[in-house]
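Asker: Below you'll find the structure I mean.
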Ligand code: PLP
Ligand code: COI
């Protein structure tokens, strides 16, 4: 059988229809899961094998599995959408496959062939198609890979599990599409030059939790990380990239310096903003500039973006020295326009001129 031929075993006791529909009435983020999962194994002597889609269930993991000790783990985040016409689509899924392999390379893990990654995602979406919500919700897909060899020496594992799970989701933020409040971390940084900042590895998120907790304790939705070397330049949020819209029609976003995640939403927004006649400049932008530009009114809008968060306006920024608001602390015109364009393309109501949308 070909590498990408998945054995399909339907879940014998799927969630009853009424229970699923009830759960759909109030979708949050990441708490509800579908009936199935896709799993593929890798062994140093066998390569990828045993591709299967079957009932979602716990793994058996040896207590010495290296992921539990040295955190050799990577993941992706993508969504399946159901358009008004019932069509189910993915947004630029091959970009997730490519980023996954860049993360794998950084973490000394095996390459997952792009067609295997995509097939795993598509087979799962197909078998769990009824789990893709209509309307505003979407099916969040979480491909991930972890080191499963039972061995305590510090070297790359000789065995891995690649898996995809799926979760019907609503808005990432409790406030829905209301502008978010950010906390600028004083003590903590996310990633240093030469580190793993550009990789989507679990360890980056573990390291961000204390800063995120600090943000929550200050009443903020997300933490903003400044660079590790000078603690001066804005990098990104715990789980999103950032953009700044100026009064002269320029849009600034931090460059892909190796310490931030190269967001697929970020890349798409850069293209859409260009389509809208805005001039996008990828350049370092400091916290001091941010505060000064917000105060002077030169900065009109700011927003965060990512698969989970979509496009979220930034209303208020808190920092150890005080706080400032952006514009009138609402959602700016360009932010709203970009959000409408992006979500419209994803759901098939806006023309997909860049060829980003893929039918499942
Ligand atoms: N930055 C971080 C740290 C993230 O976790 C994410 C989410 O995946 C992003 C940025 C945005 O990336 P994308 O737009 O590909 O979802
Ligand atoms: C995503 O947007 O997919 C992420 O991984 C962000 C995370 C905070 C859920």
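Numbering (UniProt numbering), first residue to last: 5 to 364. Even for Gly, the Cβ is constructed at its ideal location relative to N, Cα and C. Note that this is a predicted model, so its numbers are computed, not measured.
Over the uninterrupted alpha helix (DSSP H) stretch that includes residue 27, give me the two end residues.
Answerer: For residue 27, the uninterrupted alpha helix (DSSP H) segment begins and ends at 21-28.
Asker: Would residue 355 be called buried (16 or more neighbouring beta carbons within 10 Å of its own) or exposed?
Answerer: exposed
Asker: I want to check one thing, is the minimum distance from the CB of residue 265 to the heavy atoms of the ligand PLP below 8 Å?
Answerer: yes
Asker: Closest to residue 286 by CA distance: which of 34, 265 and 255 is it?
Answerer: 255
Asker: Report yes if the C-beta of residue 206 is less than 8 Å from at least one heavy atom of the ligand PLP; otherwise report no.
Answerer: No, the beta carbon of residue 206 sits no closer than 8 Å to any heavy atom of the ligand PLP.
Asker: So the beta strand (DSSP E) residue 239 belongs to, where does it begin and stop?
Answerer: 238-241
Asker: Just reading off the alpha helix (DSSP H) that residue 295 is part of, what are its end residues?
Answerer: 291-300
Asker: Please indicate yes or no: does the CB of residue 244 lie closer than 8 Å to some heavy atom of the ligand PLP?
Answerer: yes
Asker: Unbroken beta strand (DSSP E) runs of length 3 or more, entirely within the region 130-206: which are they?
Answerer: 142-151, 163-173 and 184-188
Asker: Between which two residues does the alpha helix (DSSP H) carrying residue 348 extend?
Answerer: 337-350
Asker: Enumerate, from N- to C-terminal direction, the unbroken alpha helix (DSSP H) stretches of 4 or more residues contained entirely within the region 94-118.
Answerer: 97-110
Asker: Could you compute how far the alpha carbon of residue 357 sits from the alpha carbon of residue 272?
Answerer: 12 Å
Asker: So, under 8 Å CB-CB, residue 170 and residue 38 are touching, yes? Tell me the CB distance rounded to an integer number of Å.
Answerer: 4 Å
Asker: List the whole-angstrom C-beta distance separating residue 31 from residue 84, where the pair is believed to meet the contact cut-off of C-beta under 8 Å.
Answerer: That belief does not hold up - the Cβ atoms of residue 31 and residue 84 are roughly 14 Å apart, past 8 Å.
Asker: Let me know the secondary structure DSSP gives residue 264 once reduced to three states.
Answerer: coil
Asker: Taking residue 163 and residue 153 to be in contact with their CB atoms under 8 Å, please state how far apart those CB atoms are, rounded to whole angstroms.
Answerer: 4 Å
Asker: Is it true that the CB of residue 316 sits closer than 9 Å to the CB of residue 265?
Answerer: no
Asker: Among 87, 296, 241 and 324, which has the Cα closest to the Cα of residue 133?
Answerer: 87
Asker: Are there three or more Cβ pairs, one per stretch, closer than 8 Å when the region 245-259 is compared with the region 301-308?
Answerer: Because the criterion of three Cβ pairs below 8 Å is met, the region 245-259 and the region 301-308 touch.
Asker: Along the chain, where does the alpha helix (DSSP H) containing residue 4 start, and where does it finish?
Answerer: Nothing in the structure corresponds to residue 4, since the chain is present only between 5 and 364.
Asker: Below 6 Å CB to CB, which residues in the same chain sit around residue 323 once its five sequence neighbours on both sides are set aside?
Answerer: 188
Asker: So what does DSSP say about residue 59, is it helix, strand or coil?
Answerer: strand
Asker: Is the beta carbon of residue 220 sitting closer than 9 Å to the one on residue 173?
Answerer: no
Asker: Looking only at its chain, what residues have a beta carbon closer than 8 Å to the beta carbon of residue 122, apart from the 5 residues adjacent to it on each side?
Answerer: 97, 98 and 101
Asker: Can you find the residues in the same chain that come closer than 8 Å, C-beta to C-beta, to residue 9, ignoring five residues on each side of it along the sequence?
Answerer: 55
Asker: Between the C-alpha atoms of residue 155 and residue 42, what's the straight-line distance to the nearest angstrom?
Answerer: 25 Å
Asker: Beta strand (DSSP E) containing residue 286: first to last residue?
Answerer: 283-286
Asker: Which residue or residues does DSSP assign as beta-bridge partners of residue 41?
Answerer: 58
Asker: Taking the alpha-carbon of residue 113 as reference, which of 160, 103 and 61 has the nearest alpha-carbon?
Answerer: Distance from the Cα of residue 113 is smallest, within the candidate group 160, 103 and 61, for 160.
Asker: Return helix, strand or coil for residue 64, following the three-state DSSP convention.
Answerer: coil
Asker: Apply the 10 Å Cβ neighbour rule to residue 40 and answer buried if 16 or more other Cβ atoms are within range, or exposed otherwise.
Answerer: buried
Asker: When we look at the beta-carbon of residue 204 and count the other beta-carbons within 10 Å, is it buried (16 or more) or exposed?
Answerer: Buried is the label assigned to residue 204, since at least 16 other Cβ atoms lie within 10 Å of its Cβ.
Asker: Comparing alpha-carbon positions, which option in 225, 199 and 21 lies nearest residue 109?
Answerer: Ranking 225, 199 and 21 by Cα distance to residue 109 puts 199 first.
Asker: Please identify the residue among 288, 118, 257 and 262 whose C-alpha is closest to the C-alpha of residue 277.
Answerer: 257
Asker: Going by CA-CA distance only, name the one from 330, 23 and 15 that's closest to residue 183.
Answerer: 330
Asker: In the DSSP assignment, what residue or residues form a beta bridge with residue 226?
Answerer: According to DSSP, residue 226 bridges with 186.
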